[in-house]
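*Asks:*
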Amino acid sequence: MTRSSTRRTKDQLKDYSPCATRDDSALPESEGGAGGQAGADAPRTARVPDELAGDRLDKVLAKVFPEFSRSRLQSWIEEGRVLVDGASAKVRQPVPLGATISLVPDLLPEQLAFTPEPVPLDIVYEDETLVVINKPAGMVVHPAAGNWSGTLLNGLLHRYGNAAAGLPRAGIVHRLDKETSGLMVVARTLEAQTDLVRQLQARTVKRRYVAFVWGRMPEDGTIDAPIGRDPRERTRMAVVQSAAGKPARTHFRTIDRATWQGQPVSAIHCDLETGRTHQIRVHCAHVGHPLLGDPVYGRARGKRSVTPLPDGFARQALHAWRLGLVHPLTGKAVHWRADVPDDMTALAAELGFGRDDEAEFDDEDEDEGFVQVYEADDDWEEGDDYEDDEE
Numbered sequence: 004m005t006r007s008s009t010r011r012t013k014d015q016l017k018d019y020s021p022c023a024t025r026d027d028s029a030l031p032e033s034e035g036g037a038g039g040q041a042g043a044d045a046p047r048t049a050r051v052p053d054e055l056a057g058d059r060l061d062k063v064l065a066k067v068f069p070e071f072s073r074s075r076l077q078s079w080i081e082e083g084r085v086l087v088d089g090a091s092a093k094v095r096q097p098v099p100l101g102a103t104i105s106l107v108p109d110l111l112p113e114q115l116a117f118t119p120e121p122v123p124l125d126i127v128y129e130d131e132t133l134v135v136i137n138k139p140a141g142m143v144v145h146p147a148a149g150n151w152s153g154t155l156l157n158g159l160l161h162r163y164g165n166a167a168a169g170l171p172r173a174g175i176v177h178r179l180d181k182e183t184s185g186l187m188v189v190a191r192t193l194e195a196q197t198d199l200v201r202q203l204q205a206r207t208v209k210r211r212y213v214a215f216v217w218g219r220m221p222e223d224g225t226i227d228a229p230i231g232r233d234p235r236e237r238t239r240m241a242v243v244q245s246a247a248g249k250p251a252r253t254h255f256r257t258i259d260r261a262t263w264q265g266q267p268v269s270a271i272h273c274d275l276e277t278g279r280t281h282q283i284r285v286h287c288a289h290v291g292h293p294l295l296g297d298p299v300y301g302r303a304r305g306k307r308s309v310t311p312l313p314d315g316f317a318r319q320a321l322h323a324w325r326l327g328l329v330h331p332l333t334g335k336a337v338h339w340r341a342d343v344p345d346d347m348t349a350l351a352a353e354l355g356f357g358r359d360d361e362a363e364f365d366d367e368d369e370d371e372g373f374v375q376v377y378e379a380d381d382d383w384e385e386g387d388d389y390e391d392d393e394e
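Add 3 to a position in the sequence shown, counting from 1, and you land on the number used in my numbering.
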């Protein structure tokens, strides 16, 4: 893998004061371990701290068991899985001083797989507030059917221990597809996670992708087409004109063109104004330019993208190349980039691409075109489980 580089803007971390290391002694006494540890489905108990006495039960639970979403905790209260001093309780009832709360979580299979594993992580940047990771192709972001171990989440739990286990989804705020490489930001504190979610929902997080597509792509443009579940094949996404389709816009600019085995190919930059599941892949296929190597959407316009590619390249040619956001602690604009990985670099050479993308990127550091980017799924509200988004 090529070296990942950190690009810092002026005054990026000037006057930066790192967050204090989390003091577990300040947390409410609890038993049963943090979410994702061994025995994750075992009963848990917590003593209500003085500062939360008199608050509503659901709010207290959200504080003492931050690894679970508020909506899930409320459901467990209604299902009788929460006891206060041994008695059943209601969502809105005040919790008395010194009370003991017992919780028996009903965890999904993927949550039972939230265990620490020594998964190698390519750290681009790290401080006490957040970490930026260059995810390799082939790594799944979190446990799910068919991928119960070896995920980014497992690696985060191993690297950061209880600090990550005490955060919803170990601090993860967005996803990349398994076979998409590139930059992801992960929160290291609950405050940072809340702020990053807010930025994602406000569409102020900047993300640029590099993609290789079949055909001669126009110089630039915007693909504006709603995306939803494919009504004929629910495991896929598609451009859906009915009410089931959510607004989706992808801005693109062609940075290079070539001809390989008599077929035109293009290298493009993509900036997302929205962040629907598989958005870039679906949009490019919709306009007749599927991503090279895409096994799912490559057949949308003929069979070009399932043509064997050089050096056995066997994934969608898509890389999350640039990431920009406002640092949750300093309030400063920060930017990072991760060089195109070795497999895409080798593919580019075989295809005949010859433009110096890094030099171009440097020249565009303040490019006004790099302002439309990423949106969290409209159905994802703060505190709820997040849904698949983006690439």
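Quick reminder that beta carbons are idealized off the backbone N, C-alpha and C, glycines included. Given the structure is predicted, the values throughout are model-derived calculations rather than measurements.
1. Among the residues of its own chain, which have a CB less than 8 Å from the CB of Val290, if the five just before and after it don't count?
2. Got a sec? Which residues, its chain only, sit under 6 Å from Glu367 by beta carbon, not counting five neighbours each side?
3. Let me know the secondary structure DSSP gives Leu100 once reduced to three states.
4. Candidates Pro229, Arg172 and Gly248: which alpha carbon is nearest Ala190's?
5. Checking 8 Å against the spacing of the C-beta atoms, do Arg59 and Pro97 come in under that value?
6. Along the alpha helix (DSSP H) that carries Asp198, what are the first and last residues, could you check?
7. Mind checking which residues open and close the alpha helix (DSSP H) that includes Ser78?
8. Going by Cα to Cα distance, which pick from Gly278, Pro311 and Pro108 is closest to Phe71?
9. Bridge partners for Asn137 per DSSP, in chain order?
10. Using alpha carbons as the reference points, say which of Asp297, Glu353 and Ala336 lies closest to Thr310.
11. Check for me: the alpha helix (DSSP H) holding Thr348 runs from which residue to which?
12. For Asp314, which of His292, Glu129, Glu353 and Arg239 has the nearest alpha-carbon?
13. Using a Cβ-Cβ cut-off of 6 Å (strictly less than) and excluding sequence neighbours within five positions of Asp223, which residues of its own chain qualify?
14. Tell me, please, which residues DSSP counts as bridged to Asn165.
15. DSSP has Val337 in a bridge; who is on the other side?
16. In terms of residues, what are the limits of the beta strand (DSSP E) holding Val242?
17. Contact between the stretch 192–205 and the stretch 172–184 is defined here as three or more beta-carbon pairs at a separation below 8 Å; is this criterion met?
18. Within 10 angstroms of its Cβ, does Leu328 collect 16 or more other Cβ (buried), or is it exposed?
19. CB Lys249 to CB Pro229, shorter than 8 Å?
20. To the nearest angstrom, report how far apart Lys93 and Arg73 are at their CA atoms.
21. How many Å lie between Arg206 and Gly89 at the Cα?
22. To which residues does DSSP link Gln266 through a beta bridge?
23. Per DSSP, which one or two residues make a beta bridge with Ala214?
24. What do you reckon, are the CB atoms on Cys287 and Ala241 nearer than 8 Å?
*Replies:* Put simply:
1. Ile226
2. In this predicted model, Glu367 has a pLDDT of only 47, less than 50, meaning its place in the structure is not dependable enough to derive any value.
3. coil
4. Arg172
5. yes
6. Leu193 to Gln204
7. Arg73 to Glu81
8. Pro108
9. Leu186
10. Asp297
11. Asp345 to Leu354
12. Glu353
13. Arg256
14. Answer by DSSP bridge pairing: none, since Asn165 is not bridged.
15. Leu328
16. Glu236 to Val242
17. yes
18. buried
19. yes
20. 14 Å
21. 45 Å
22. Trp263
23. Ile271 and Leu321
24. no
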